Amino acid sequence: MIEILSPTELQRAEASGSFVAHVLRTLRAEAKTGTNLLEIDDHARRLIAEAGAVSCYVDYAPSFGRGPFGHYICTSVNDAVLHGLPHDYALQDGDLLTLDFAASVEGIVADAAVSFIVGEPASAGTSAEDARMIAATERALEAGIHAAQPGAKVGDISAAIGAVLGAAGYPINTEFGGHGVGSTMHQDPHISNTGRPGRGFRLRPGLLLAIEPWVMADTAELVTDADGWTLRSATGARTAHSEHTIAITDAGPKVLTA
1 MIEILSPTEL
11 QRAEASGSFV
21 AHVLRTLRAE
31 AKTGTNLLEI
41 DDHARRLIAE
51 AGAVSCYVDY
61 APSFGRGPFG
71 HYICTSVNDA
81 VLHGLPHDYA
91 LQDGDLLTLD
101 FAASVEGIVA
111 DAAVSFIVGE
121 PASAGTSAED
131 ARMIAATERA
141 LEAGIHAAQP
151 GAKVGDISAA
161 IGAVLGAAGY
171 PINTEFGGHG
181 VGSTMHQDPH
191 ISNTGRPGRG
201 FRLRPGLLLA
211 IEPWVMADTA
221 ELVTDADGWT
231 LRSATGARTA
241 HSEHTIAITD
251 AGPKVLTA
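Per UniProt numbering, the very first residue in the sequence shown carries number 1; after that it's consecutive.
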């Protein structure tokens, strides 16, 4: 399903995007050395309740997971990159943490993710590589957003993302990528993190897209934890993930989760 939102729905989408951005800013500021992942998850739950929003994750049960997810935010640490299931773990200095959060406000979903280093770097070399990898996903996200012009095609977004990640030397996994959002969290079109320009669905004003470049330092292969959800690099390499929800407008792409 691909939804094209009305102007009224797009106004509600802006509220959703602002809320998701607020939650990620709040939880990132609180993610310090010694913070437990379950504390982060519980604070996400409370922020959702206070805003009258609806979690996209707690009852989420897709075919690829061991659902329902049962938590309110994805917390992926170090070699975990996607769908990190919150568990009893206290963050340590130098951990590379990704927070991925989606929620619905007044019936419209926004989705975003951010990666960052917790506390003091574990070592200068590790810190520099982590920073380089995070920056590559952020640059790829910017490139993908810039390519998401009305009249362009999904392949143009994928090609822009892939060009940045490939130039930075990272292998690219195509199993999971960006996607449409609207009244539900995961919709068509799928947005691969690499591809050929000029192909796929033509972008129209009113379309909402979650664009999410992610990489693993030295592999494109994922493995799944025993929890049935958390996806990790097959080599144990560290990972990074950046994501925004955007609206396609007549004037160009508009970031809703900045």
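Virtual Cβ for every residue (Gly too), placed ideally from N, Cα, C.
For clarity, every value in this text was computed on a predicted model and none was experimentally measured.
Tell me whether residue i, by its Cβ, gets closer than 6 Å to a heavy atom of the ligand FMN.
{"i": "Q187", "result": "Of the ligands one can find in the structure shown there are none, so the ligand FMN has no counterpart to examine."}
Whole angstroms is fine: what's the gap from residue i's alpha carbon to residue j's?
{"i": "D59", "j": "F69", "result": "6 Å"}
{"i": "A143", "j": "L207", "result": "18 Å"}
{"i": "A152", "j": "A90", "result": "44 Å"}
{"i": "L209", "j": "A226", "result": "31 Å"}
{"i": "S76", "j": "L82", "result": "6 Å"}
{"i": "F116", "j": "N36", "result": "16 Å"}
{"i": "S242", "j": "G177", "result": "11 Å"}
{"i": "E39", "j": "E14", "result": "28 Å"}
{"i": "E3", "j": "T249", "result": "14 Å"}
{"i": "G52", "j": "A167", "result": "43 Å"}
{"i": "I246", "j": "G252", "result": "10 Å"}
{"i": "P150", "j": "A112", "result": "21 Å"}
{"i": "R232", "j": "D93", "result": "20 Å"}
{"i": "V109", "j": "C56", "result": "8 Å"}
{"i": "W214", "j": "G107", "result": "27 Å"}
{"i": "T230", "j": "E9", "result": "33 Å"}
{"i": "T219", "j": "T26", "result": "32 Å"}
Need the endpoints of the alpha helix (DSSP H) that residue i sits in, please.
{"i": "Q11", "result": "P7 to E30"}
{"i": "D42", "result": "L37 to A51"}
Going by other Cβ atoms of all chains shown within 10 Å of its Cβ, with 16 needed for buried, is residue i buried or exposed?
{"i": "E221", "result": "exposed"}
{"i": "S6", "result": "exposed"}
{"i": "P62", "result": "exposed"}
{"i": "G155", "result": "buried"}
{"i": "E212", "result": "buried"}
{"i": "A49", "result": "exposed"}
{"i": "F64", "result": "exposed"}
{"i": "F95", "result": "Note that residue 95 corresponds to Asp in the displayed sequence, not to Phe. The residue in question, D95, is buried, as its Cβ has 16 or more Cβ neighbours within 10 Å."}
{"i": "D88", "result": "exposed"}
{"i": "T98", "result": "buried"}
Considering just the uninterrupted stretch of the beta strand (DSSP E) at residue i, what are its terminal residues?
{"i": "I117", "result": "I108 to I117"}
{"i": "L222", "result": "L222 to T224"}
{"i": "D188", "result": "Q187 to I191"}
{"i": "S76", "result": "C74 to V77"}
{"i": "residue 265", "result": "No information on residue 265 is available, as it lies outside the stretch 1 to 258 that the chain covers here."}
{"i": "F101", "result": "L96 to V105"}
Please name the residue or residues paired with residue i in a DSSP beta bridge.
{"i": "I246", "result": "L209 and V255"}
{"i": "L165", "result": "Answer is none; L165 lacks a bridge partner."}
Are there three or more Cβ pairs, one per stretch, closer than 8 Å when the stretch 190-210 is compared with the stretch 233-240?
no
Stretch-stretch touch, CB-based, cutoff 8 Å, three pairs: the stretch 30-47 with the stretch 124-139
no
Three or more C-beta pairs closer than 8 Å, one from the stretch 11-27 and one from the stretch 187-198: is that the case here?
no
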